[in-house]
Amino acid sequence: MSDPAEQPVLSNPYDGVARYGLFIGGRWVESRSGRTFTSTNPTTGEPWAEVAEADAADVDAAVRAARRAFDGGWGQASAAERAAVLRRLGDELAKPEVIERLAVHELLDTGKVVRETIGLARAFSGWCYYFAGLAESHRGSTIPVPMPETFAYTVPGPVGVVAAITPWNSPILLMLWKLAPALAAGNVVVIKPSEVAPVSTLEFARVVERAGVPAGVVNVVSGQREAGAALAAHPGVDKIAFTGSTATGRSVMRSAADNLTRVSLELGGKSPNIIFDDADLDLAVNGILSGAFAAGGQMCTAGSRVLVHRSVYDEVLARLVRRVEAIRIGDPFDWNSEMGALTWSRQYEAVLGRISTAQVQGARLVTGGGRPDTAPSEKGFHVAPTVFADVNMSMELAREEIFGPVTGLIPFSTEEQAIEMANDTPYGLAAAVWTTNLGRTQRMVNAVRAGTVWVNCYRRVSYAAPFGGLKASGLGQENGIEVMREYTEEKTVWVDTHPEPRDPFRLA
Ligand code: NAD
């Protein structure tokens with residue numbers, strides 16, 4: 005990409021600190037307590053934005069505003085009206101200036117580089133258009149029941165107030181995975197973005213405002229974990245759509261149980277990236293980079309354990325190290341930069357901790373392992389892309405989520421061993437298989453327990469393809485036609501056309 009329209013020159017638009025309120029009922033308001041908190045720019049380690057801090061009272065106000073919007077019209081809006089609103093939102097999100105503004109805010113909030121945040125921002129409108137289409141095509145069914153002169157059919161309707169609770173790694177995208185299908189099905193939404201990177205979601209709310217989404221249909225309450233807990237426990241919420249850690253997911257599910265709230269959970273992962281001896285190694289090494297170092301490895305689907313067949317292990321390691329040592333870390337606004345900072349100080353410390361534990365446990369550090377020399381600032385949360393060799397399945401590196409630019413190579417000898425290692429984890433989010441053997445592809449797809457299996461690719465997602473985790477990686481799916489079920493309640497309607505009374509004491 006060298007076309008200036010493709011690679012616009014972007015920069016921080018703020019001289020001082022950016023300020024945001026809460027977006028409730030179509031209005032920007034301060035928190036009731038007047039409290040605010042700051043968001044840190046991970047590249048510089050300095051605060052760059054100050055946002056209102058919602059507490060339980062603000063969360064309650066947002067849920068009530070959402071309910072009013074639902075009862076006041078949105079809940080009865082026709083499919084065509086809902087689709088029109090989503091298309092307007094898509095049109096706003098497709099404007100180059102909006103794409104650039106959201107990309108800049110996500111860059112400043114998450115520390116990711118411009119090529120990543122622009123790529124994400126260019127994809128956002130697609131979610132709105134796809135779900136606008138589904139709003140119009142989503143329908144019930146006619147059921148062939150065995151009773152004479154009787155019809156049964158289903159009518160899909162919205163669930164009501166949806167709580168969308170999101171993490172810090174891809175704030176807008178993971179929020180849109182919830183918001184777009186929720187609105188398509190006729191729901192209203194209260195979003196609680198992560199306290200670590202709340203700003204791009206608040207900036208997104210400005211786009212919602214400009215797109216003319218009716219007041220109260222989308223609300224954003226930035227706040228700490230307590231605000232998330234208050235939202236998850238709120239009896240006025242009808243469905244919780246959560247993305248975050250497995251530990252928090254369990255707590256969300258406990259809250260949901262108290263109110264019998266519907267819940268979907270997208271949680272952590274420890275995805276195996278499996279390279280067979282018949283793989284195209286150029287593609288496979290590229291896939292290791294994509295799985296472990298794109299977005300600084302801060303992906304739920306990160307390929308943080310690479311299982312490599314013994315006969316190609318040394319070759320893969322050598323090629324990987326050459327590529328990893330060439331990764332460019334620098335100013336996130338520079339289009340040449342490939343990796344930025346980790347999003348926050350605690351994650352930075354946690355990743356450095358994982359690296360030192362790996363060394364203590366006997367993994368061989370081949371490259372990286374600390375701060376990179378090219379970090380653009382002393383106070384930024386930068387970690388050099390790190391590769392360990394000689395990792396085994398008992399090490400923490402092979403078992404725990406890292407959420408940083410670190411991966412470990414583990415050798416295997418047989419397909420059975422690769423399958424056993426791949427499944428030796430509580431998680432089941434994603435896996436990748438690199439092979440040119442079609443039969444092996446099918447055997448691996450069948451045997452590996454993961455919600456997504458990539459074959460000769462990594463990190464592919466689309467609004468059109470369902471995404472969800474097995475085992476401790478979650479419940480339910482996002483994206484695709486399948487997600488509409490998560491945001492729909494179906495009524496079954498029975499119509500008896502028989503003119504005479506039937507025997508009241510007989511079933512059917
Ligand atoms: P987190 O669980 O700490 O926080 C996620 C959100 O939940 C935040 O908004 C937080 O404020 C809120 N929260 C915290 N405590 C809560 C509670 N008791 N009740 C309700 N909400 C609460 O996760 P994180 O550190 O922000 O994100 C990283 C995690 O997210 C990783 O484990 C990663 O694998 C996972 N993740 C999963 C997916 C996926 O699609 N499966 C995608 C991205 C990230």
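Per the numbering used here, residue 5 is the first one in the sequence shown, and the count goes up by one each step. Built from N, CA and C at the ideal position, the CB exists for glycine as well. Quantities reported herein were computed from a predicted structural model and do not represent experimental measurements.
Residue i CB to nearest heavy atom of the ligand NAD below 7 angstroms
{"i": "K182", "result": "no"}
{"i": "T456", "result": "no"}
{"i": "E199", "result": "yes"}
{"i": "E486", "result": "no"}
{"i": "W32", "result": "no"}
{"i": "I169", "result": "yes"}
{"i": "E405", "result": "yes"}
{"i": "L124", "result": "no"}
{"i": "K116", "result": "no"}
{"i": "G357", "result": "no"}
{"i": "R444", "result": "no"}
{"i": "V267", "result": "no"}
{"i": "L433", "result": "yes"}
{"i": "G130", "result": "no"}
{"i": "T247", "result": "yes"}
{"i": "G478", "result": "yes"}
{"i": "L97", "result": "no"}
{"i": "G161", "result": "no"}
{"i": "V256", "result": "yes"}
Beta-carbon gap between residue i and residue j smaller than 8 angstroms
{"i": "N483", "j": "F471", "result": "yes"}
{"i": "E490", "j": "G480", "result": "yes"}
{"i": "A245", "j": "K196", "result": "no"}
{"i": "A298", "j": "E140", "result": "no"}
{"i": "R375", "j": "V410", "result": "no"}
{"i": "L177", "j": "L90", "result": "no"}
{"i": "K475", "j": "T158", "result": "no"}
{"i": "T492", "j": "P12", "result": "no"}
{"i": "I279", "j": "V325", "result": "no"}
{"i": "V520", "j": "A53", "result": "The question about residue 520 has no answer here: the residues shown for the chain are numbered 5 through 512."}
{"i": "G307", "j": "Y431", "result": "no"}
{"i": "V395", "j": "A402", "result": "yes"}
Paired residues, beta bridge with residue i - DSSP
{"i": "A261", "result": "Note: A261 sits in no beta bridge, so no partner."}
{"i": "D500", "result": "T154"}
{"i": "T509", "result": "Sequence inspection shows Phe at residue 509; the Thr mentioned does not correspond to that position. Beta-bridge pairing links F509 to no other residue."}
{"i": "V310", "result": "N277, L413"}
{"i": "F246", "result": "I169, L269"}
{"i": "M343", "result": "I333"}
{"i": "N45", "result": "E50"}
{"i": "N223", "result": "V194"}
{"i": "I359", "result": "Its beta-bridge partners do not exist; DSSP assigns none."}
{"i": "A56", "result": "T40"}
{"i": "W438", "result": "I279"}
{"i": "K99", "result": "The partner list for K99 (beta bridge, DSSP) is empty, contrary to what the question assumes."}
With contact counted as at least three CB pairs below 8 angstroms, one residue from each stretch, are the stretch 348-357 and the stretch 8-23 in contact?
no
Does the stretch 106-118 come close enough to the stretch 46-53 that 3 or more CB-CB pairs lie under 8 angstroms?
yes
Okay, do the stretch 265-279 and the stretch 234-250 touch, 3+ Cβ pairs below 8 angstroms being the bar?
yes
Would you call the stretch 366-377 in contact with the stretch 133-140, where contact means no fewer than 3 C-beta pairs closer than 8 angstroms?
no
Would you call the stretch 78-94 and the stretch 405-417 touching, i.e. three or more CB-CB distances under 8 angstroms?
no
Examine the Cβ distances between the stretch 303-314 and the stretch 275-287 and report whether three or more of them are shorter than 8 angstroms.
yes
Kindly confirm or deny that the stretch 424-441 and the stretch 283-294 touch, where touching means at least three C-beta pairs closer than 8 angstroms.
yes
Cβ contact check for the stretch 22-36 and the stretch 213-228: 3 or more pairs under 8 angstroms
yes
Is the stretch 203-212 touching the stretch 151-167, taking contact as three or more C-beta pairs under 8 angstroms?
no
Could you tell me whether the stretch 144-158 touches the stretch 62-74, using the rule of 3 or more Cβ pairs below 8 angstroms?
no
Is there contact here, the stretch 442-452 with the stretch 96-110, by at least three beta-carbon pairs under 8 angstroms?
no
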